[in-house]
Amino acid sequence: SKAKLFDEKTDTRTSFKDVAGLEGAKEEVEEIVEFLKHPDKYTSLGGKIPKGALLVGPPGTGKTLLAKAVAGEAKVPFFSLSGSDFVEMFVGVGASRVRDLFKQAKDKAPAIIFIDEIDAIGRARGKNNFTGSNDERENTLNQLLTEMDGFGTNTNVIVLAATNRADVLDKALMRAGRFDRQIYVDLPDIRERKEIFEVHLRPIKTAETLDLDFLARQTPGFSGADIANVCNEAALIAARKEKKAVTKQDFLDAVDRIVGGLEKKNKIIT
Ligand code: ATP
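For the sequence shown, full-length UniProt numbering assigns the number 180 to the initial residue and increments by one for each residue that follows.
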């Protein structure tokens, strides 16, 4: 297929400055940056560097962004794949893709492997197994576990995986030496929404000094991705009206539009 299953790039452009809020999660991943930069320091007393951490939280809250920022801050290559790419894959393909990915990362170590939507492959085995189409998913999961158990303590590849359904994951994934750390990435509170607006307003030409507290108050329940969307939408709305800069009203119109979209997405179709 044309879908790019993983891409490797030394993403030195994403940094912690791009990640607003999420103080607790950032603190936890800062430690991972340190492990990647100075592995010898941490293993000198016989300690083992963790192989993996699970980023858990609702969609659009910055899990992928945070993983990229870890790679960017540590200046190591970022290899990624998404669990959803493995759905309906031919027998053997998923497992061999996992094997290839780990091989490439080990060759370029120190490195980060990021697995988005790990629940698509990491669901508890033997459940929802009515169709038989889960066999390949299980092979893929088994390969992932084998790879993680396979690296030595000095491989210096750290696997970050993201999910919004930690509850459905196979417990084998969380065992010691695998994804034994969980990092919570929650929806932003009002103060964090303000900070996310600050980040995403950087490239936008605004007409007035915007009241960011006001915008943060208008957007309860919005994720970081939703806020990024509001900023972009506001710029497009203003441009369509051939304005020279984006106004508060454009932001409010954008919020309305995003709220409309969210309502549609959550509507149960009967
Ligand atoms: P999903 O679970 O849907 O994959 P995710 O948690 O991985 O979502 P990201 O893909 O990292 O979310 O977020 C999408 C975009 O939203 C980011 O590229 C960024 O533009 C914006 N965003 C999300 N959270 C934040 C944040 N905390 N600070 C700044 N921008 C954010």
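Cβ atoms here follow ideal geometry from the backbone N, Cα and C, with glycine treated the same way.
Since the model is a prediction, treat every value here as computed from it, not as a measurement.
Inset, instruction - Drop a sphere of 10 angstroms on the beta-carbon of Ala182, count the other beta-carbons inside from all chains shown, and report buried for 16 or more, exposed for fewer. - result: Here residue 182 is taken as the residue at index 3 of the sequence shown, counted from 1. With a pLDDT of 38 at Ala182, under the threshold of 50, the modelled position of that residue is not reliable, and no figure is offered here.
Inset, instruction - Would you list, in sequence order, the uninterrupted beta strand (DSSP E) runs of no fewer than 3 residues that lie entirely inside the region 186-231? - result: Those beta strand (DSSP E) runs which fall completely within the region 186-231 and span 3+ residues are 186-188.
Legend entry - Inter-residue spacing [alpha-carbon to alpha-carbon] between Ile294 and Ser259: Reading the sequence shown from its first residue, position 115 is the one you call residue 294. Reading the sequence shown from its first residue, position 80 is the one you call residue 259. Rounded to the nearest angstrom, the two C-alpha atoms are 6 Å apart.
Legend entry - heavy atom of ligand 1 below 7 Å from Lys373 C-beta: The sequence position of residue 373 within the sequence shown is 194, counting from 1. With a threshold of 7 Å, the Cβ atom of Lys373 does not count as near ligand 1, since no heavy atom of the ligand is closer than that.
Legend entry - Asp295, enclosing beta strand (DSSP E) - first and last residue: As a position in the sequence shown, residue 295 is number 116, starting the count at 1. Start and end: Ala290 to Asp295.
Inset, instruction - With hydrogens ignored, establish whether the beta-carbon of Ala199 is closer than 7 Å to any heavy atom of ligand 1. - result: Residue mapping note: residue 199 aligns to position 20 of the sequence shown, counting from 1. Within the cutoff, so yes.
Inset, instruction - Tell me whether Phe265 sits in a helix, a strand or coil according to DSSP, three-state version. - result: Locating residue 265 in the sequence shown gives position 86, where the first residue counts as 1. Collapsing the DSSP output to three states places Phe265 in a helix.
Legend entry - Contact the region 365-380 vs the region 347-355: 3+ CB pairs below 8 Å: Under the 8 Å Cβ criterion, the region 365-380 does not count as touching the region 347-355, having fewer than three qualifying pairs.
Legend entry - At least three beta-carbon pairs within less than 8 Å, the region 401-417 to the region 214-232: The region 401-417 makes no contact with the region 214-232: fewer than 3 CB pairs, one atom from each, lie closer than 8 Å.
Legend entry - Supposed contact pair Arg357 and Leu320 - C-beta distance, whole angstroms, cut 8 Å: What you label residue 320 is simply residue 141 of the sequence shown in a count that begins at 1. What you label residue 357 is simply residue 178 of the sequence shown in a count that begins at 1. Contact between Leu320 and Arg357 does not hold, since their C-beta atoms are separated by about 11 Å, which reaches or exceeds 8 Å.
Legend entry - Inter-stretch contact (C-beta, 8 Å, three-pair minimum) for the region 368-376 and the region 324-343: They do not touch, by the three-pair rule.
Inset, instruction - Sort Pro367, Gln397, Glu296 and Ala355 by Cα distance to Asp264 and report the nearest one. - result: Within the sequence shown, residue 264 is the residue found at index 85, counting from 1. It is Glu296.
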